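Below: the structure, in structure tokens.
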Amino acid sequence: MSEGRATIGRMDESWSGDGADAHLVIPADCIAWCRNQPYAETVLEDVVEVDLDWWNERLAQCEIPAQVSGRDADGTQVWKGTAYLRRGDLEPGVHGMGLGDEPELDRLYMCAAWLAEHPLRGGVRRFVDVRSGRDAGTPFAAVERALVACRRAPALIDAAAYRDWSGWPVAPGVGHVLMSLYCWAIHSGAPDRPQLLDAASAGSLTWNGWLVASSVSHYSVRRYVRYNSLLYRWAAQAGVAPELVEMWLNRQWHSRLAEAAVRDGSAL
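Anchor point for the sequence shown: position 156 equals 146 in my numbering, and the numbering is continuous, going up by one each time.
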């Protein structure tokens, strides 16, 4: 597979929507928080506890050639029981985290597990079934084509004029959020890395003046590129990594939800 690189940060305005979003200025609170966060600890060490048996038993039952693994308390890779999965473990070539015969399916399911088990990223454990009933005898052909499309050049999130805007790759069971995290993982080291498309973060952007109302499940690729472009522009304004901006947006949304719950409770 070709290791295609994302080009979000250098997008032409006619494709990215930067002109429409130029009025948006990064909040001062976001700058202050992001500048106080060490990237390695805050982003790469964002860890969740994963029930490996729950995932791997279902993978085996569905005869999907993937396995979810994590680390035990000593940092050793394990495939059974309860384990810890760092966001940084989703990237290729991580020390101590080997993948199986179908490494990209392993990575995709590890991304799914990280999202499902993370309390701020959904927190709802839902099994992702990537089999396609339309491909008799080759039930994984569709998802394999989708994962290749995410990796090759021009990549899914490239915004150059030659981009074929046919939409997200067809991948049974794989939503936009999971696909965005997979793209983030495989494009490690790219100068304009695709960012996690998070419903809470997108909602927080809207609260801060971004004129986009649709849910992330209905985002077109164009809108995803625009979302990335805004994260990168704010990150450049603050002099920080875009992952930190996205994390602040996510936390701002959940903080507002918690404040609203307290107000509603006190009003009863």
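Ideal Cβ placement from N, Cα and C applies to all residues, glycine included.
Keep in mind that this is a model prediction, so the values were computed, not measured.
In the DSSP assignment, what are the bridge partners of residue i?
i, result
"residue 76", "37"
"residue 67", "61"
Between the alpha carbons of residue i and residue j, how many angstroms are there, rounded?
i, j, result
"residue 150", "residue 194", "Per-residue confidence for residue 150 stands at a pLDDT of 49, beneath the threshold of 50, marking its modelled position as unreliable; the derived number appears in the next sentence. Straight-line Cα distance between these residues: approximately 28 angstroms."
"residue 154", "residue 138", "Only weak support exists for where residue 154 lies, its pLDDT of 48 falling under 50; the value from the coordinates is given anyway. Their Cα atoms are separated by approximately 15 angstroms."
"residue 205", "residue 67", "36 angstroms"
"residue 157", "residue 96", "24 angstroms"
"residue 79", "residue 53", "24 angstroms"
"residue 248", "residue 17", "20 angstroms"
"residue 152", "residue 212", "Low local confidence applies: a pLDDT of 44 at residue 152 is under 50, so the model's placement there is unreliable, and no value is given."
"residue 15", "residue 224", "7 angstroms"
"residue 10", "residue 117", "38 angstroms"
"residue 51", "residue 43", "12 angstroms"
"residue 238", "residue 88", "31 angstroms"
"residue 57", "residue 70", "10 angstroms"
"residue 92", "residue 49", "13 angstroms"
"residue 64", "residue 75", "13 angstroms"
"residue 251", "residue 245", "10 angstroms"
"residue 236", "residue 202", "16 angstroms"
"residue 140", "residue 100", "16 angstroms"
"residue 175", "residue 77", "9 angstroms"
"residue 45", "residue 59", "9 angstroms"
"residue 165", "residue 228", "30 angstroms"
"residue 199", "residue 23", "20 angstroms"
"residue 184", "residue 72", "30 angstroms"
"residue 222", "residue 135", "28 angstroms"
"residue 12", "residue 215", "15 angstroms"
"residue 19", "residue 83", "35 angstroms"
"residue 29", "residue 109", "20 angstroms"
"residue 47", "residue 115", "14 angstroms"
"residue 127", "residue 179", "37 angstroms"
"residue 36", "residue 25", "17 angstroms"
"residue 253", "residue 142", "49 angstroms"
"residue 90", "residue 172", "17 angstroms"
Considering Cα atoms alone, identify which of the options is closest to residue i.
i, options, result
"residue 21", "226, 243, 250 and 244", "226"
"residue 103", "232, 40, 69 and 167", "40"
"residue 86", "218, 252, 108 and 61", "61"
"residue 98", "199, 31, 130 and 253", "130"
"residue 161", "180, 175, 178 and 123", "123"
"residue 218", "109, 37, 228 and 192", "192"
"residue 177", "159, 196 and 81", "81"
"residue 210", "159, 132, 198 and 242", "159"
"residue 230", "112, 253 and 27", "27"
"residue 120", "174, 72 and 55", "55"
"residue 112", "135, 167, 254 and 179", "167"
"residue 197", "242, 142, 110 and 107", "242"
"residue 190", "31, 105 and 12", "105"
Assuming residue i contacts residue j (C-beta within less than 8 angstroms), just tell me the rounded distance between them.
i, j, result
"residue 186", "residue 170", "5 angstroms"
"residue 188", "residue 240", "5 angstroms"
"residue 234", "residue 33", "7 angstroms"
"residue 107", "residue 38", "4 angstroms"
Looking at chain D, is there any beta carbon in it that lies within less than 8 angstroms of the beta carbon of residue i?
i, result
"residue 98", "This model lacks chain D altogether, as it is built from one protein chain only."
Within the region 160 to 222, note down every full alpha helix (DSSP H) run reaching 4 residues or more, in order along the chain.
-> 166 to 176 and 189 to 197
Taking the runs of the beta strand (DSSP E) that are 3 residues or longer, which of them lie wholly in the region 82 to 135?
-> Qualifying beta strand (DSSP E) stretches: none in this window.
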